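Participant: Take the sequence shown: its letters are residues 1 to 439, numbered as in full-length UniProt numbering. Please read through the structure below; I'll follow up with questions.
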Amino acid sequence: MATLISMPRLSPTMEEGVVAKWLKQEGDKVSPGDIVAEVETDKANMDFPLEDEGYLLKLLATPGQTVKLGAPVAVLGKKGEDISALLKELTTGPGEAKPAAAPVKAPEPAPAPAAPVAPPKAAAPVAQAAPAVQAAPASSATGRIFASPLARRLASEAGIDLRAIKGSGPGGRIVKRDVESAPKQSIVVAQPSVTHATAPTLLPGDELQPLSMIRRTAAKRLVEAKQTVPHFYLTSEVDMEAAMAFREQLNRASQAAGGEKVSVNDMILKALARALRLVPKANMSIAPDGQNAVAHHRVDLSVAVALDDGLITPVVRGADQKSLGALAKEVRDLAARGRDKKLRPEEYTGGTFSLTNLGMYGIREFYAIINPPESGILAVGQVEKRAVVVEKDGQDHIEVRRRMTLTLSCDHRIVDGALGAQLLAKVVEGLREPMLLVL
Numbered sequence: 001m002a003t004l005i006s007m008p009r010l011s012p013t014m015e016e017g018v019v020a021k022w023l024k025q026e027g028d029k030v031s032p033g034d035i036v037a038e039v040e041t042d043k044a045n046m047d048f049p050l051e052d053e054g055y056l057l058k059l060l061a062t063p064g065q066t067v068k069l070g071a072p073v074a075v076l077g078k079k080g081e082d083i084s085a086l087l088k089e090l091t092t093g094p095g096e097a098k099p100a101a102a103p104v105k106a107p108e109p110a111p112a113p114a115a116p117v118a119p120p121k122a123a124a125p126v127a128q129a130a131p132a133v134q135a136a137p138a139s140s141a142t143g144r145i146f147a148s149p150l151a152r153r154l155a156s157e158a159g160i161d162l163r164a165i166k167g168s169g170p171g172g173r174i175v176k177r178d179v180e181s182a183p184k185q186s187i188v189v190a191q192p193s194v195t196h197a198t199a200p201t202l203l204p205g206d207e208l209q210p211l212s213m214i215r216r217t218a219a220k221r222l223v224e225a226k227q228t229v230p231h232f233y234l235t236s237e238v239d240m241e242a243a244m245a246f247r248e249q250l251n252r253a254s255q256a257a258g259g260e261k262v263s264v265n266d267m268i269l270k271a272l273a274r275a276l277r278l279v280p281k282a283n284m285s286i287a288p289d290g291q292n293a294v295a296h297h298r299v300d301l302s303v304a305v306a307l308d309d310g311l312i313t314p315v316v317r318g319a320d321q322k323s324l325g326a327l328a329k330e331v332r333d334l335a336a337r338g339r340d341k342k343l344r345p346e347e348y349t350g351g352t353f354s355l356t357n358l359g360m361y362g363i364r365e366f367y368a369i370i371n372p373p374e375s376g377i378l379a380v381g382q383v384e385k386r387a388v389v390v391e392k393d394g395q396d397h398i399e400v401r402r403r404m405t406l407t408l409s410c411d412h413r414i415v416d417g418a419l420g421a422q423l424l425a426k427v428v429e430g431l432r433e434p435m436l437l438v439l
């Protein structure tokens with residue numbers, strides 16, 4: 001008997017996945033353990049292995065489609081088995097896969113005659129749907145529109161009026177393909193109102209573009225973080241002359257020995273790891289019940305890595321126990337595989353504190369959003385020459401020195417002002433006296 005193959009949970013935080021590509025095709029025989037597809041999750045591209053044996057009778061999701069966790073993506077069964085009844089049930093039920101939103105351009109507005117402005121007794125309608133040519137709406141005498149849940153969702157996202165669409169499904173039911181092929185006249189474009197109306201969803205020339213799985217997930221979690229985590233911020237400026245000189249000396253020696261080159265970011269990472277070891281109360285997080293705190297006895301640092309379609313935070317485990325050279329090598333490896341979306345789930349989850357650096361873009365300072373359940377994140381600005389007052393022989397002098405601004409975002413439920421200040425002071429100490437980073 002044919003069975004449905006559902007979208008599996010391929011990462012601990014996964015809620016839906018995008019079928020990046022199928023590695024097996026309809027009609028192929030598959031065995032337990034065979035990789036049938038590559039799936040884009042919220043953090044990486046993962047292999048999709050099968051647990052059963054049989055033939056792939058039907059692929060229900062095409063490359064680029066977004067599918068909810070547990071929703072069907074394929075049909076597995078015996079060779080030549082009749083699955084028409086199963087497919088019919090899928091097309092008329094709520095189990096359809098959700099496709100990635102295709103770009104939808106707004107139509108050019110038709111010129112309208114001027115009209116006198118009426119008194120604002122009631123809000124004017126936001127949009128008016130233009131009639132579709134030769135459309136036979138799939139509605140009953142009572143005005144009810146017969147459409148699948150997926151078709152309704154797609155129409156809502158694209159601003160399409162279902163009343164102007166002719167259904168091609170059973171009994172005139174509107175299905176996914178009807179919405180995707182809807183004529184321009186069916187697209188609802190918001191018109192200005194005499195009252196305080198919201199801005200149009202689409203302006204002429206605009207188009208909807210789908211967000212990547214990574215960016216959608218990040219957006220949801222960061223909104224959650226800002227709404228639920230009480231952030232506060234501490235800023236400190238650190239003199240980097242000693243750190244830069246130490247780095248140059250270290251890299252000369254490392255290059256001569258065939259070792260790993262150390263970046264400024266590697267040194268900051270090591271300074272943060274050392275600071276968390278010395279201020280362990282900052283290396284904690286709120287328990288899920290909100291009534292307890294979890295003390296972390298390892299310093300596992302999440303390092304923000306920019307991607308073309310978002311960011312990922314691979315985790316350096318036991319960062320305080322590793323040398324600068326070992327940290328540099330591991331960060332480069334994690335960052336490279338993160339950009340290629342080849343990280344395993346355990347390599348980007350479970351961090352205790354985060355580091356993010358925008359200095360390479362010329363940013364002096366910024367305020368980062370905490371990644372729950374971590375208690376904080378250190379934001380790093382660029383190293384730049386600044387004019388500063390330096391005291392020598394009891395006299396003040398103005399000198400040009402290399403300086404950097406660090407901004408610490410803290411979860412006030414775990415880290416109060418004094419504790420955060422202690423932690424940031426230890427980070428600054430490690431950079432002002434870089435020999436502390438190798439002890």
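From the three backbone atoms N, C-alpha and C, an ideal C-beta is built for every residue, glycine too. Keep in mind that this is a model prediction, so the values were computed, not measured.
In its own chain, which residues sit with a C-beta less than 6 Å from the C-beta of A218, not counting the 5 before and 5 after it?
Facilitator: Cβ within range, chain order: G310.
Participant: Compare the Cα-Cα distances from L234 to each of L59, E365 and R403 and report the closest residue.
Facilitator: Among L59, E365 and R403, the Cα nearest to that of L234 is on E365.
Participant: Using the beta-carbon count (16 or more within 10 Å), is I377 buried or exposed?
Facilitator: Buried, because 16 or more other Cβ atoms sit within 10 Å of the Cβ of I377.
Participant: Apply the 10 Å Cβ neighbour rule to V18 and answer buried if 16 or more other Cβ atoms are within range, or exposed otherwise.
Facilitator: Buried: at least 16 other Cβ atoms inside 10 Å.
Participant: Assess, as a yes-or-no matter, whether the segment 391-399 is touched by the segment 247-265 under the definition of 3 or more beta carbon pairs within less than 8 Å.
Facilitator: The answer is no - the segment 391-399 does not touch the segment 247-265, with fewer than three Cβ pairs under 8 Å.
Participant: Indicate the three-state DSSP secondary structure (helix, strand or coil) for D28 in the structure shown.
Facilitator: Here D28 sits in coil by DSSP.
Participant: Output yes or no for whether 8 Å exceeds the beta carbon distance between I414 and H231.
Facilitator: No, the pair does not count as a contact, with Cβ atoms beyond the cut-off.
Participant: Determine contact between the segment 327-338 and the segment 279-288, defined as no fewer than three beta-carbon pairs at a distance below 8 Å.
Facilitator: Because the criterion of three Cβ pairs below 8 Å is not met, the segment 327-338 and the segment 279-288 do not touch.
Participant: Hey, how far is the Cα of R215 from the Cα of P12?
Facilitator: Rounded to the nearest angstrom, the two C-alpha atoms are 17 Å apart.
Participant: Rounded to a whole number of angstroms, what is the C-alpha to C-alpha distance between D206 and I160?
Facilitator: Near 15 Å, if we compare the C-alpha coordinates of I160 and D206.
Participant: Alpha carbon to alpha carbon, how far is L76 from Y55? Give it in angstroms, no decimals.
Facilitator: Taking the straight line joining both Cα atoms gives about 6 Å.
Participant: Kindly indicate which three-state DSSP category L301 falls into: helix, strand or coil?
Facilitator: Reduced to three states, the DSSP call for L301 is strand.
Participant: If I measure Cβ to Cβ from G325 and keep anything under 6 Å in the same chain, skipping five residues before and after, which residues do I get?
Facilitator: So the qualifying residues of the chain are G259 and E260.
Participant: Between which two residues does the beta strand (DSSP E) containing R401 stretch?
Facilitator: Residues Q395 to D411.
Participant: Answer with buried or exposed for G33, where buried requires no fewer than 16 other C-beta atoms within 10 angstroms of its C-beta.
Facilitator: Classification for G33: exposed.
Participant: Please classify P63 as buried or exposed, where buried requires at least 16 neighbouring CB atoms within 10 angstroms.
Facilitator: The residue in question, P63, is exposed, as its Cβ has fewer than 16 Cβ neighbours within 10 Å.
Participant: Under 8 Å between the Cβ atoms of A47 and I35?
Facilitator: Sequence check: residue 47 is Asp here, not Ala. Yes, they are a contact pair.
Participant: Helix, strand or coil: how does DSSP classify E157 here?
Facilitator: Residue state, collapsed to three classes: helix.
Participant: Using C-beta distances below 6 Å, list every residue in its chain close to M213, excluding the 5 sequence neighbours before and after it, in chain order.
Facilitator: So the qualifying residues of the chain are V18, E40 and D42.
Participant: According to DSSP, which residues form a beta bridge with V39?
Facilitator: In the DSSP output, where bridge partners are listed per residue, V39 has V19 and M46.
Participant: With the cut-off set at 8 Å, would you say V315 and S323 are in Cβ contact?
Facilitator: No, these two residues do not count as a Cβ contact at 8 Å.
Participant: Give the range of the alpha helix (DSSP H) segment to which D248 is assigned.
Facilitator: Rather than Asp, the amino acid found at residue 248 in this sequence is Glu. Taken as a continuous stretch (DSSP letters only), the alpha helix (DSSP H) holding E248 covers E241 to A256.
Participant: Starting from E374, follow the beta strand (DSSP E) in both directions and report where the run begins and ends.
Facilitator: It is not in any beta strand (DSSP E) - E374 carries neither H nor E in the DSSP assignment.
Participant: Can you pull the DSSP bridge partners for E237?
Facilitator: Looking at the DSSP assignment, E237 forms a beta bridge with T405.
Participant: Within this structure, are the beta carbons of E16 and V73 separated by less than 8 Å?
Facilitator: No.
Participant: Note down, in chain order, each residue of its chain lying with its Cβ closer than 6 Å to the Cβ of A368, except the 5 sequence neighbours on either side.
Facilitator: Result list for A368: T356, I377, A379 and S409, in chain order.
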